[in-house]
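Residue numbers for the sequence shown follow the numbering used here, so the first one is -17 and each next one is one higher.
Idealized CB from N, CA, C, for every residue including glycine.
Predicted model only: the values in this text are computed from it and were never measured.
Taking it in order: structure first as structure tokens, then the write-up.
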Amino acid sequence: MSNKRIGGDFNSLFDDNNMEESEGLRTLRLSEIEPNKGQPRKVFDKEAMEQLAESIRVNGVLQPLLVRPLSTGNYQIVAGERRWRAAKIAGLAEVPVVVRDDLSDEQVMQVALIENLQRENLNPIEEAQGYKELIEKYNMTQDQLSKALGKARSSIANSLGLLTLPVGVRDLLADGKLSAGHCKALKMIKDPALMTEIAVRAADGELSVRSIEAIAKREAKSEEEQTMIKPRMAYYTEVEMSLTEALGTKVKICEGKKTNTLQIAFEDKDQLEGILRLMAVK
């Protein structure tokens, strides 16, 4: 696979002046244009599409679509599927396009992904998946994405982190029932089941971001305390069992707030002396 990337040349593909001066600028019938099956955006908001269609009815398609020729004689959309769909809704028969026959399949996918990430209101999960695909499939780094999209590298890193959330939480975020702030707080909760439970409550409006943060802090503190206590209790139990077997009587370690005590049970003087001998105490 070619390592050639759109990278810094991406913005030039969509520069209005370049498009107007391009030899590839022409008008095509909507029936001659096909959407890209690899389009990263799977859902198009109906209300937003109606608004764009109304704008197109009044003003026309202000920015040409970017397309490439197919062997069938039709043209495939590289960037601008929303405009194409909205033009159909608006009842247009044709739209302005810029034809590029020098784009490889890899570049087409890169442009489609980057154009969506830069220009469309993808939900947070679609956005994160777009970053992930560009990184994994096209070997782009977070720094390269940052430059191509004009976004801070930390923003891209935080977005990618959303993909580590449990599926149920990701679905709520994708549906717009949770905010990025909710998810940032939820990531503080280590238990996936608890995280999902809290996410559902937050989506229902029961918990604010601050409430989730408070729950996460309580859980973290409780987990830390348990981590400190469990190894010590296990050690004490092991010592009790060893001494009980060695001394032939019940031995118990009692924990106090400041000091701990070791209790050794005995029935009479003879048993006590036997215990002392075993302990090498004269």
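Item                                                                                                                                                                   : Value
Name, in chain order, the residues that DSSP records as bridge partners for T9.                                                                                        : P78
Who are the Cβ neighbours of P106 in its own chain at under 8 Å, not counting the five residues just before and after it?                                              : S141, L144, L155, A156, A162, C165
Can you tell me where the alpha helix (DSSP H) holding I117 begins and where it ends?                                                                                  : 106 to 120
Report back the beta-carbon spacing between Y113 and I96 to the nearest angstrom; my notes put them in contact at under 8 Å.                                           : So it is not a contact: roughly 10 Å between Cβ atoms.
Evaluate M261 with the Cβ neighbour count: other Cβ atoms within 10 Å of its Cβ, from every protein chain shown; 16 or more gives buried, anything less gives exposed. : exposed
When you compare only the Cα positions, how much space is there between I235 and E249?                                                                                 : 19 Å
For T231, collect the residues of the same chain with a Cβ closer than 8 Å to its Cβ; drop the 5 residues on either side in sequence, then sort them by chain order.   : I246, A247, F248, Q253, I257
Would you grab the beta carbon distance between R39 and A75 for me? Rounded to a whole angstrom, and I think it's under 8 Å.                                           : Wrong, their Cβ atoms sit about 13 Å apart, outside the cutoff.
A167 and V151: beta carbons closer than 8 Å?                                                                                                                           : no
Provide the residue(s) that pair with L48 in DSSP beta bridges, ordered along the chain.                                                                               : A61, V80
Determine the burial state of M223: buried for a count of at least 16 other Cβ atoms within 10 Å of its Cβ, exposed for fewer.                                         : exposed
So, at 6 Å on beta carbons, what are the nonlocal neighbours of R259 in its own chain, with the 5 sequence-adjacent residues on each side left out?                    : none
In chain order, what residues of the same chain have a beta carbon less than 7 Å from the beta carbon of R11, not counting five sequence neighbours either side?       : A75, E76
In its own chain, which residues sit with a C-beta less than 8 Å from the C-beta of W66, not counting the 5 before and 5 after it?                                     : L12, I15, P17, L47, I59, V77
List the DSSP bridge partners of N233.                                                                                                                                 : Reading off the sequence shown, one finds Val at residue 233, where the question assumed Asn. Note: V233 sits in a beta bridge opposite I246.
Identify which residue in V81, F26, L44, A61 has its Cα closest to the Cα of R50.                                                                                      : V81
Measuring straight from C-alpha to C-alpha, what distance separates I171 and L116?                                                                                     : 29 Å
If we require 4 or more residues per run, which alpha helix (DSSP H) segments fall completely within the segment 141 to 170?                                           : 149 to 156, 162 to 168
With which residues is I15 paired in a DSSP beta bridge?                                                                                                               : Y57
Indicate the three-state DSSP secondary structure (helix, strand or coil) for T219 in the structure shown.                                                             : helix
Kindly indicate which residue of S193, V263, R64 has the alpha-carbon position closest to the one of D27.                                                              : R64
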